[in-house]
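S.K.: Which chain is which? The protein sequence lines are Y and W, in order. Just add 32 to wherever you are in the first sequence, counting from 1, and you've got the working numbering. Just add 951 to wherever you are in the second sequence, counting from 1, and you've got the working numbering. Idealized CB from N, CA, C, for every residue including glycine. This one's a predicted model, so the numbers in the text were calculated from it and none came from an experiment. Input: one structure, supplied below.
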Amino acid sequence: MLPAIEVQQVRKCYGALCALTDIDLTIYSGEFFALLGPNGAGKTTLISIIAGLALADSGLVKVMGFDVIRQYQQSRRNLGVVPQELVYDPFFSVREILKIQSGYYGISDNDAWIDEILERLDLASKADANMRALSGGMKRRVLVAQALVHKPPVIILDEPTAGVDVELRQTLWAFIRQLNRDGHTIILTTHYLEEAETLCNRVAVLKAGKLIALDTTNNLVGKMTDGNVLRLKLDPDVVPPGLQALQISHAHGVAELRIENFEQVETIIAAMRAARIHIVEMQLQQPDLEDVFVHLLSNHRKDDA
Amino acid sequence: MTGFLTLFFKELLRFWKVSFQTVVAPMVSTLLYLLIFYHILEERIEIYPGVAYTLFLIPGLVMMAVIQNAFANSSSSVIQSKISGNIVFILLSPLSYRAIFCAYVLASIVRGLLVGLGVYLVTLIFFEAPLQLPIWALLFVILGSAMLGALGLIAGIWSDKFDQLAAFQNFIILPLTFLSGVFYTVHSLPMGWQYLSHLNPFFYMIDGFRYGFLGVSDISPYISLLVVTLCLAVLSTLAIYMLKSGYKLRT
Ligand SMILES: Nc1ncnc2c1ncn2[C@@H]1O[C@H](COP(=O)(O)OP(=O)(O)OP(=O)(O)O)[C@@H](O)[C@H]1O
Ligand SMILES: [Mg+2]
């Protein structure tokens, strides 16, 4: 597989605060990749360095094999970035902006593609509106459109769905998925972890400038063996002594038991029957990326201490 | 090439869309200067033999308008983009540093030329002021506005806030303009000030342009041409270096 993004030993400090320390990361062509982490973890800083908006203190970064400093023109041609901040040029209309943006990449006749992007992002009716006259969510969609005008092989979206309504979030992801199927490499950051879980094949988690996890989404979620939780409403509301070892919590009439495998459910039901406890409601909770995320961050906190 | 042309046209559109502020207003204010000085001084001063004061003043004021507007164009564009954040679209693009530089400076030249031409045409309604050597005049307008366009780019990149840009304008551009002989010939100054004036690059711009306008000047136009060209080269090198190093643009 061809690397789309190579990040080697990248370090970036602002005075005493290091936003990134010795990051090594390779993202392959065709991947749908999520970059996760809490506020201030360094996601935007890493994206800025890849995009050339910020300069790393040390290390090497390549986009489609082109060094972002020495071959900046080629690397930028291969990259489309949706910035996290809602920035826009108040002098122009949506269409004008997209034409200007195409021109920066040397594309003079781009109307067909611009129309398609506008259509796909549900902006067609706003094509001739001034940027100032758009709502926040619309402005963000224009940012997405701007990143796509030159059909870059690598697309990075820094929280593209912040402030975008549910319906459009679906449309946006359908479009981005389509682009991924067409061969574009997609990298996104988001604080909606279910988005990352359903869309991305691989995930990196940053915390305080360090890469604390990097794996396929399936592996990460699969490793959470202690993540399966059985939630029970019981009558009478007591957990038999034999099952106390599995209990995670028991409050507000809900008992939570940790199970390692699904056969255990049988044992639990049998134990309840033997103790003459009636199961009113039963719910199996499986681990999701959010659990993995919380788990990783809290473990990492322990490591630090 | 397309990238450069796009940025250039965008910069033209940017000031053209607000041409009342960027072209008409400077024309009006220059004209006010002219009328005021005309009423106060016309009868009393004759700077070059046979040249009325107004005739001496017109090229100075035209060049002043050119200088100020060329500077304003690139500097305000850069600082606005920086503050609103939309400069990222230029920084993300594959435009070469030289292309970015040329687009901003060329747009400054166009605005300088437009305002200069506008001011000149309006003065023609009130005064008889034929251009003696148009090629020289045009040459100095272009070089002068290029120089100020480059300086504006530097000032815009250097400033973090509008106040800082205003300070640049008030403490550097304005004094250099007023002390460059817009309103008087430096030969009328005491010796010490004359020497100082000759250290002011703006003096050569104004004097060279005045040569093109009147056919007479304080010093040889070739010297002025040399000085202005050298200054332009130095400022351009600095501006391109700033773009390339990412100074205050790429954190
Ligand atoms: N220009 C800057 N000057 C000083 N510190 C900075 C600068 N940019 C970022 N930082 C710091 O670097 C750290 C990482 O910031 P970054 O924006 O990369 O976080 P993030 O992971 O994108 O967070 P969020 O989820 O909130 O967007 C933060 O502590 C931030 O305060
Ligand atoms: Mg961020």
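Which partner residues of Tyr1071(W) appear in the DSSP bridge assignment?
M.R.: Position 120 of the second sequence, counted from the start, is the residue given in the question as residue 1071(W). Paired residue(s): none; Tyr1071(W) is not in a bridge.
S.K.: Within 10 Å of its beta-carbon, does Trp1158(W) have 16 or more other beta-carbons around it, so buried, or fewer, so exposed?
M.R.: Along the second sequence, one-based indexing puts residue 1158(W) at 207. Residue identity differs from the one stated: residue 1158(W) is Asp in this sequence, not Trp. Buried is the call here.
S.K.: How far does the beta strand (DSSP E) with Pro35(Y) in it extend, from its first residue to its last?
M.R.: As a position in the first sequence, residue 35(Y) is number 3, starting the count at 1. Run containing Pro35(Y): Pro35 to Tyr46, per the beta strand (DSSP E) assignment.
S.K.: Can you grab the Cα-Cα spacing for the pair Leu328(Y) / Asn71(Y), in whole Å?
M.R.: Along the first sequence, read from residue 1 onward, the residue named residue 328(Y) stands at position 296. Along the first sequence, read from residue 1 onward, the residue named residue 71(Y) stands at position 39. Spanning the two alpha carbons is a distance of roughly 15 Å.
S.K.: Can you name, in chain order, every residue of its own chain whose Cβ lies under 7 Å from the Cβ of Leu1183(W), other than the five neighbours on each side?
M.R.: The sequence position of residue 1183(W) within the second sequence is 232, counting from 1. Excluding residues within five positions, the ones whose Cβ falls inside 7 Å are Leu1094, Ala1097, Met1098 and Ala1101.
S.K.: First and last residue of the alpha helix (DSSP H) that includes Asp143(Y)?
M.R.: The residue given as residue 143(Y) occupies position 111 in the first sequence. That run of the alpha helix (DSSP H) goes Asp143 to Arg152.
S.K.: Mind checking whether Gly1166(W) and Gln1083(W) have CB atoms under 7 Å apart?
M.R.: The residue labelled residue 1166(W) in the question sits at position 215 within the second sequence. The residue labelled residue 1083(W) in the question sits at position 132 within the second sequence. Contact: yes.
S.K.: Specify whether the region 40-58 of chain Y and the region 152-168 of chain Y touch according to this definition: at least 3 beta carbon pairs, one from each stretch, less than 8 Å apart.
M.R.: No, because fewer than three Cβ pairs between the region 40-58 of chain Y and the region 152-168 of chain Y fall closer than 8 Å, the two stretches do not touch.
S.K.: How would you write the range of the beta strand (DSSP E) that Phe65(Y) sits in, first residue to last?
M.R.: Here residue 65(Y) corresponds to residue number 33 of the first sequence, with the count starting at 1. Per DSSP, Phe65(Y) belongs to the beta strand (DSSP E) from Phe64 to Leu68.
S.K.: What distance in whole Å lies between the Cβ atoms of Ala303(Y) and Pro272(Y), which are believed to be in contact at a cut-off of 8 Å?
M.R.: In the first sequence, counting from the first residue as 1, residue 272(Y) sits at position 240. In the first sequence, counting from the first residue as 1, residue 303(Y) sits at position 271. Right, the Cβ-Cβ distance comes to about 5 Å (below 8 Å), so this counts as a contact.
S.K.: Which residues in chain Y have a C-beta closer than 7 Å to the C-beta of Thr1136(W)? List them in chain order.
M.R.: Start at 1 with the first residue of the second sequence, and residue 1136(W) comes out as number 185. Those do not exist, as Thr1136(W) stays about 42 Å from chain Y at its closest Cβ, beyond 7 Å.
S.K.: So is Ile239(Y) buried or exposed if we call it buried at 16+ other beta carbons inside 10 Å?
M.R.: In the first sequence, counting from the first residue as 1, residue 239(Y) sits at position 207. Strictly speaking, residue 239(Y) in this sequence is Lys, with Ile absent from that position. Buried is the call here.
S.K.: CB Val974(W) to CB Leu1065(W), shorter than 7 Å?
M.R.: In the second sequence, counting from the first residue as 1, residue 974(W) sits at position 23. In the second sequence, counting from the first residue as 1, residue 1065(W) sits at position 114. For Val974(W) and Leu1065(W), yes; Cβs fall inside 7 Å.
S.K.: Output needed for Leu986(W): all residues of its chain with C-beta closer than 7 Å, excluding positions within five of it in sequence on either side, in chain order.
M.R.: Locating residue 986(W) in the second sequence gives position 35, counting from the first residue. The answer is none, since no qualifying residue turns up.
S.K.: Does any CB atom of chain Y fall closer than 7 Å to the CB of Arg1201(W)?
M.R.: On the second sequence, residue 1201(W) is found 250 positions in, with the first residue counted as 1. It does: the Cβ of Arg1201(W) has a partner Cβ on chain Y nearer than 7 Å.
S.K.: Closer than 6 Å: is that where the CB of Lys94(Y) sits relative to any heavy atom of ligand 1?
M.R.: Sequence index remark: in the first sequence, residue 94(Y) carries index 62 (1-based). Because no heavy atom of ligand 1 lies under 6 Å away, the Cβ of Lys94(Y) does not count as near it: no.
S.K.: Can you name the residues that DSSP bridges to Arg234(Y)?
M.R.: Numbered from 1 along the first sequence, position 202 holds the residue referred to as residue 234(Y). Beta-bridge pairing links Arg234(Y) to Phe65(Y) and Thr248(Y).
S.K.: Can you list, in chain order, the residues of its chain whose CB lies under 8 Å from that of Gln1115(W), leaving out five sequence neighbours each side?
M.R.: By one-based count along the second sequence, residue 1115(W) stands at place 164. Correct list, in chain order: Trp1109.
S.K.: Under DSSP, the alpha helix (DSSP H) around Val1092(W) begins and ends at which residues?
M.R.: Counting from 1 along the second sequence, the entry for residue 1092(W) is found at position 141. It spans Pro1085 to Trp1109 - the alpha helix (DSSP H) in which Val1092(W) sits, taken as one unbroken run.
S.K.: Decide yes or no for the touch test of the region 86-95 of chain Y against the region 33-40 of chain Y: beta carbon pairs closer than 8 Å, at least 3 of them.
M.R.: Yes, they touch.
S.K.: Going along chain Y, which residues have a C-beta under 8 Å from Lys968(W)?
M.R.: Here the question's residue 968(W) lines up with position 17 in the second sequence. Those are Phe123, listed as they occur along chain Y.
S.K.: In three-state terms, what does DSSP make of Arg308(Y)?
M.R.: Here residue 308(Y) corresponds to residue number 276 of the first sequence, with the count starting at 1. Arg308(Y): coil per DSSP, three-state reduction.
S.K.: Can you list the residues near ligand 1, meaning Cβ strictly closer than 6 Å to any non-hydrogen atom, in the order they appear in the chain?
M.R.: Here the list is Tyr46(Y), Leu49(Y), Ala51(Y), Gly69(Y), Asn71(Y), Gly72(Y), Ala73(Y), Gly74(Y), Lys75(Y), Thr76(Y), Thr77(Y), Gln116(Y) and Thr1202(W).
S.K.: For chain W, find out if any of its Cβ atoms is closer than 7 Å to the Cβ of Ile6(Y); answer yes or no.
M.R.: Any question about residue 6(Y) goes unanswered here, given that chain Y covers just 33 to 337.
S.K.: Quick one, which of Thr249(Y), Glu288(Y) and Asp267(Y) has its alpha-carbon nearest Asn260(Y)'s?
M.R.: As a position in the first sequence, residue 260(Y) is number 228, starting the count at 1. The candidate whose alpha carbon is nearest that of Asn260(Y) is Glu288(Y).
S.K.: Please confirm if Arg1062(W) has its CB atom under 7 Å from at least one CB of chain Y.
M.R.: For the purposes of this step, residue 1062(W) is identified with residue 111 of the second sequence, where counting begins at 1. By this cut-off, Arg1062(W) is not an interface position.
S.K.: May I ask you to report which of helix, strand or coil DSSP gives Asp54(Y)?
M.R.: What you label residue 54(Y) is simply residue 22 of the first sequence in a count that begins at 1. Of the three classes helix, strand and coil, the one that applies to Asp54(Y) here is strand, per DSSP.
S.K.: Of all the options Gln103(Y), Ala48(Y) and Ser90(Y), which has the alpha carbon lying nearest to the alpha carbon of Lys1195(W)?
M.R.: As a working mapping, residue 1195(W) is identified with position 244 in the second sequence. Among Gln103(Y), Ala48(Y) and Ser90(Y), the Cα nearest to that of Lys1195(W) belongs to Gln103(Y).
S.K.: Going by beta carbon distance, what residues of the same chain come within less than 7 Å of Ala337(Y), once the five residues before and after it are set aside?
M.R.: Mapped onto the first sequence, residue 337(Y) falls at position 305. Residue placement at Ala337(Y) is poorly supported in this model, since its pLDDT is 46, which falls under 50; the coordinates are not used for a value here.
S.K.: Going along the chain, which residues of its own chain have a beta-carbon closer than 8 Å to the beta-carbon of Val119(Y), five neighbours each way excluded?
M.R.: As a position in the first sequence, residue 119(Y) is number 87, starting the count at 1. Result list for Val119(Y): Leu175, in chain order.
S.K.: Taking 7 Å as the CB-CB limit, is Arg1049(W) close to chain Y?
M.R.: Here residue 1049(W) refers to the residue found at position 98 of the second sequence. Closer than 7 Å: no.
S.K.: Go to Gly195(Y), then tell me how far its alpha helix (DSSP H) extends in each direction, as first and last residue.
M.R.: Residue numbering aside, residue 195(Y) sits at position 163 when the first sequence is read from its first letter. No alpha helix (DSSP H) holds Gly195(Y); DSSP gives it neither H nor E.
S.K.: Using only CA atoms, which one of Leu68(Y), Gly62(Y) and Tyr60(Y) lies nearest to Leu252(Y)?
M.R.: In the first sequence, residue 252(Y) corresponds to position 220, counting from 1. Nearest of Leu68(Y), Gly62(Y) and Tyr60(Y) to Leu252(Y), Cα basis: Leu68(Y).
S.K.: Does Ala1190(W) pass the burial test, meaning 16 or more other C-beta atoms within 10 Å, or should it be called exposed?
M.R.: Position 239 of the second sequence holds residue 1190(W). When all chains shown are included, Ala1190(W) counts as buried.
S.K.: Is there a Cβ of chain W sitting closer than 7 Å to that of Arg108(Y), yes or no?
M.R.: Residue mapping note: residue 108(Y) aligns to position 76 of the first sequence, counting from 1. Arg108(Y) counts as touching chain W.
S.K.: Report the rounded CA-to-CA distance for Tyr999(W) versus Ser1139(W), giving the unit in angstroms.
M.R.: As a first step, residue 999(W) is located in the second sequence; it is residue number 48 there, counting from the start. As a first step, residue 1139(W) is located in the second sequence; it is residue number 188 there, counting from the start. The alpha-carbon atoms of Tyr999(W) and Ser1139(W) are separated by roughly 11 Å.
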